[in-house]
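Asker: I have a structure here, written as structure tokens, and I will follow up with some questions on it.
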Amino acid sequence: MELSKFKALNDVDSVNAYISALEAFDGIVELQELKELARTRGGVATGKSILDVGCGFGLETRRLAEAAGAQGKVHGLDKSADFIKEAQRRAEAASQSIAYQIGDATALPYGDNSFDCVRAERILIYLTDFSAALSEMRRVLKPSGKIALIEPDFSTNTINISDRALTRRVLDHEIETAVENSFLPGPLKVALERLGFASIEISSRALIFPQDLAASYFSSLAVNALEAGKISASENEAWQTELDDLKARGAIFATISYFLFTADAP
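Here is the structure:
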């Protein structure tokens with residue numbers, strides 16, 4: 131789901147539903163495994179200074195703050211004022227001290243060598259020039275600091291709709307339009323090496339969508355493809371009918387692969 135969709139929502143019920151969907155996605159077991167691994171390999175520990183780039187409304191930022199403890203310092207940055215407002219509300223409700231700020235990943239508003247750890251998740255895929263954001267993360271990292279990046283490969287999106295040719299057209303449209311860098315995990319290792327990062331480790335998980343989230347998400351993908359003229363009205367109807375049937379039987383099988391990159395700054 132895209133950040134732009136959140137910005138376009140203008141009623142409380144729609145915003146709450148969207149936030150609930152993001153929370154459901156965040157709760158996927160395999161993604162939580164990658165997040166935990168990212169904290170461990172990314173050097174997150176008591177007393178550390180940590181930056182969460184593209185923090186959204188702070189789901190992971192709050193976990194970072196718990197790990198850093200009272201002696202640590204955690205910052206969260208996001209381009210969306212709506213997300214930052216919600217992140218601040220949640221932090222205050224939990225009595226957590228987190229420094230949230232609106233900002234751009236390609237021009238981080240922090241000084242050189244400011245953080246022990248920098249992490250980002252599902253952010254680089256939305257950037258035309260993801261290398262600029264990586265350079266900024268490298269700049270604000272202290273010498274020997276650690277970076278952790280979690281990004282999906284949109285080409286690995288799958289769902290068990292029986293018409294495989296139709297499925298391919300729907301998913302190809304998502305690959306082509308949803309993000310700027312749909313195949314991003316491929317060039318990340320080389321990009322990190324060019325910036326001087328060392329001890330690069332890569333791990334991956336295939337995330338399995340919960341039934342309700344899968345039904346909602348993959349329904350919207352077919353609607354998007356229909357509106358773009360990539361599939362016909364009858365094909366969309368067939369897609370939605372089969373999707374509803376699969377959901378009713380608890381039989382949707384939908385996945386996407388996510389990749390974790392961790393590395394040490396020189």
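Start counting the sequence shown at 131; every next residue gets the next number (the working numbering).
Each residue gets a CB set at the ideal place from its N, CA and C atoms; glycine is no exception.
What does a CB cutoff of less than 6 Å around Phe383 pick up in its chain, not counting 5 residues either side in sequence?
Answerer: Here residue 383 refers to the residue found at position 253 when the sequence shown is read from its first residue. So the qualifying residues of the chain are Asn290.
Asker: State the beta-bridge partners of Asp394 as determined by DSSP.
Answerer: Sequence index remark: in the sequence shown, residue 394 carries index 264 (1-based). Paired residues: Lys276, Ala328.
Asker: Check whether the region 277 to 296 touches the region 251 to 266, counting contact only when three or more Cβ pairs, one atom from each stretch, lie closer than 8 Å.
Answerer: The region 277 to 296 is in contact with the region 251 to 266.
Asker: Would you check if the distance between the CB atom of Leu337 and the CB atom of Glu160 is smaller than 8 Å?
Answerer: Position 207 of the sequence shown, counting from 1, holds the residue named residue 337. Position 30 of the sequence shown, counting from 1, holds the residue named residue 160. Yes, the pair counts as a contact, with Cβ atoms nearer than the cut-off.
Asker: Hey, quick one: how far does the alpha helix (DSSP H) through Arg249 stretch, first residue to last?
Answerer: Along the sequence shown, one-based indexing puts residue 249 at 119. It is not in any alpha helix (DSSP H) - Arg249 instead sits in the beta strand (DSSP E) that spans 245 to 251.
Asker: Let me know if Asn140 comes out buried or exposed under the rule of 16 or more other beta-carbons within 10 Å of its beta-carbon.
Answerer: Here the question's residue 140 lines up with position 10 in the sequence shown. Any reading at Asn140 must be qualified, since the residue scores a pLDDT of 48, below 50, and its modelled position is unreliable; no value is offered.
Asker: By the 10 Å Cβ neighbour count, where 16 or more other Cβ atoms means buried, how is Thr176 classified, buried or exposed?
Answerer: On the sequence shown, residue 176 is found 46 positions in, with the first residue counted as 1. It counts as exposed.
Asker: With 16 as the cutoff for other CB atoms within 10 Å, does Phe327 come out buried or exposed?
Answerer: Within the sequence shown, the letter at position 197 stands for residue 327. Buried, by the Cβ-count rule.
Asker: Per DSSP, Ile338 is paired with what?
Answerer: The residue given as residue 338 occupies position 208 in the sequence shown. According to DSSP, which records beta bridges pairwise, Ile338 is partnered with Thr385.
Asker: Beta-carbon separation of Ile232 and Lys209 under 8 Å?
Answerer: For this step, residue 232 is matched to residue 102 along the sequence shown. For this step, residue 209 is matched to residue 79 along the sequence shown. Cβ atoms of Ile232 and Lys209: closer than 8 Å.
Asker: To which residues of the same chain is Arg268 closer than 8 Å at the C-beta, ignoring the five residues directly before and after it?
Answerer: Residue numbering aside, residue 268 sits at position 138 when the sequence shown is read from its first letter. Cβ within range, chain order: Ile277, Leu325, Gly326, Phe327, Ala395.
Asker: Please go through the same chain and pick out, in chain order, the residues whose beta-carbon is closer than 8 Å to the beta-carbon of Glu153, but skip the five residues on each side of it.
Answerer: Locating residue 153 in the sequence shown gives position 23, where the first residue counts as 1. Counting only Cβ-Cβ distances below 8 Å, and skipping sequence neighbours, we find Leu189.
Asker: Relative to the C-alpha of Thr286, which candidate in Ala358, Leu296, Ala295, Glu304 has its C-alpha closest?
Answerer: As a position in the sequence shown, residue 286 is number 156, starting the count at 1. Minimum Cα distance to Thr286 is reached at Glu304.
Asker: Going by DSSP in three states, Asp259 sits in which element: helix, strand or coil?
Answerer: The residue you call residue 259 lines up with position 129 of the sequence shown. Correct three-state label for Asp259: coil.
Asker: Helix, strand or coil for Ala147? Go by DSSP, reduced to three states.
Answerer: The count along the sequence shown starts at 1 and reaches residue 147 at position 17. Looking at Ala147 - three-state DSSP - the assignment turns out to be helix.
Asker: Can you check which of these residues, Trp369, Gly380, Ser349, Ala211, is closest to Gly184 by C-alpha distance?
Answerer: On the sequence shown, residue 184 is found 54 positions in, with the first residue counted as 1. Ranking the options by Cα distance to Gly184, first place goes to Ala211.
Asker: Which residue's Cα is closest to the Cα of Val270: Pro282, Phe260, Pro239?
Answerer: Translated into the one-based positions of the sequence shown, residue 270 becomes position 140. For Val270, the nearest C-alpha among the options comes from Pro239.
Asker: I'd like to confirm the pairing. Which residues does DSSP put opposite Gly157 in its beta bridges?
Answerer: Residue mapping note: residue 157 aligns to position 27 of the sequence shown, counting from 1. DSSP, once it has assigned bridges, lists no residue as partnering Gly157.
Asker: Looking only at DSSP bridge pairs, what is Ile289 linked to?
Answerer: As a first step, residue 289 must be located in the sequence shown, where it is residue number 159. Bridge partners of Ile289: Ala384.
Asker: Can you have a look at Phe245 and say buried or exposed, based on whether 16 or more other CB atoms are within 10 angstroms of its CB?
Answerer: As a first step, residue 245 must be located in the sequence shown, where it is residue number 115. It is buried - the Cβ of Phe245 has at least 16 other Cβ atoms within 10 Å.
Asker: If Ile386 sits next to Leu296, beta carbons under 8 Å apart, how far is it from one beta carbon to the other, in whole angstroms?
Answerer: As a first step, residue 386 must be located in the sequence shown, where it is residue number 256. As a first step, residue 296 must be located in the sequence shown, where it is residue number 166. About 19 Å separates the two Cβ atoms, so there is no contact after all.
Asker: Roughly how far, in whole angstroms, is the beta-carbon of Glu281 from the beta-carbon of Arg252, given that I think they are within contact range, below 8 Å?
Answerer: As a working mapping, residue 281 is identified with position 151 in the sequence shown. As a working mapping, residue 252 is identified with position 122 in the sequence shown. Confirmed, Cβ separation roughly 7 Å.
Asker: Taking the Cβ atom as the reference point for each residue, do Phe339 and Val309 lie within a distance shorter than 8 Å?
Answerer: Taking the first residue of the sequence shown as position 1, residue 339 is located at position 209. Taking the first residue of the sequence shown as position 1, residue 309 is located at position 179. Taking 8 Å as the Cβ cut-off, Phe339 and Val309 do not qualify as a contacting pair.
Asker: Are the CB atoms of Ala168 and Leu318 within a distance shorter than 8 Å?
Answerer: As a working note, residue 318 is residue 188 in the sequence shown. As a working note, residue 168 is residue 38 in the sequence shown. No, the pair does not count as a contact, with Cβ atoms beyond the cut-off.
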